[in-house]
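A.B. asks: Residue numbers (the working numbering): 1166 to 1218. Backbone N, C-alpha and C define an ideal beta-carbon position, used for all residues, glycine too. Dropping a structure here in structure tokens format, bear with me for questions.
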Amino acid sequence: LGFESQFDVKTGHITLKQKGVTTKHAGELICRVENSAGTIDAPVILDVQSNLI
């Protein structure tokens, strides 16, 4: 799945944009980050927003 990401250097927040997500996907998820230093899992809250036209 492809997504668009944006990092806010002032707040440290990352915004991910993914098409096809609905409010049914909202809630607590586990975010896993992996790199050469290792792997870490952390709980995150998925807030689903839509651009209604």
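Considering only their Cβ atoms, is the gap separating Ile1205 from Glu1193 smaller than 7 Å?
C.D. replies: no
A.B. asks: Using a Cβ-Cβ cut-off of 8 Å (strictly less than) and excluding sequence neighbours within five positions of Pro1208, which residues of its own chain qualify?
C.D. replies: Taken in chain order, the residues that qualify are Glu1193, Leu1194, Ile1195 and Cys1196.
A.B. asks: Under DSSP, the beta strand (DSSP E) around Phe1172 begins and ends at which residues?
C.D. replies: Start and end: Glu1169 to Phe1172.
A.B. asks: Less than 7 Å separating the beta-carbons of Val1213 and Thr1180?
C.D. replies: With contacts defined as CB atoms closer than 7 Å, Val1213 and Thr1180 fail to qualify as a contacting pair.
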